[in-house]
Amino acid sequence: EQAERQALEQEKQMQKTIIGIKKRFGKNAILKGMNFQEGATARERNEQVGGHKA
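Start counting the sequence shown at 4; every next residue gets the next number (our numbering).
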């Protein structure tokens, strides 16, 4: 039980850190490796307005 609680707290802290980095440096600061594969669209969509070309 304590190990599970500690793991949840660690995950929560990691998510807060990731959100802080994205707020400071932009949405493309942290991405999953699959977002760098050929044909991936996440980086491109993050730079658009509401996911659409403006």
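No residue lacks a Cβ here, since even glycine has one placed at the ideal position from N, Cα and C. Nothing here was measured: the structure is a model prediction, and the numbers come from that model.
Cβ of residue i less than 8 Å from any chain C Cβ?
i          : result
residue 45 : Absent from the structure: chain C. Only one protein chain is present.
Does the beta-carbon distance from residue i to residue j come in below 8 Å?
i          : j          : result
residue 32 : residue 24 : yes
residue 48 : residue 34 : no
Under DSSP, the alpha helix (DSSP H) around residue i begins and ends at which residues?
i          : result
residue 28 : 5-28
residue 49 : 45-49
What's the C-alpha gap between residue i and residue j?
i          : j          : result
residue 16 : residue 38 : 23 Å
residue 18 : residue 6  : 18 Å
residue 51 : residue 4  : 44 Å
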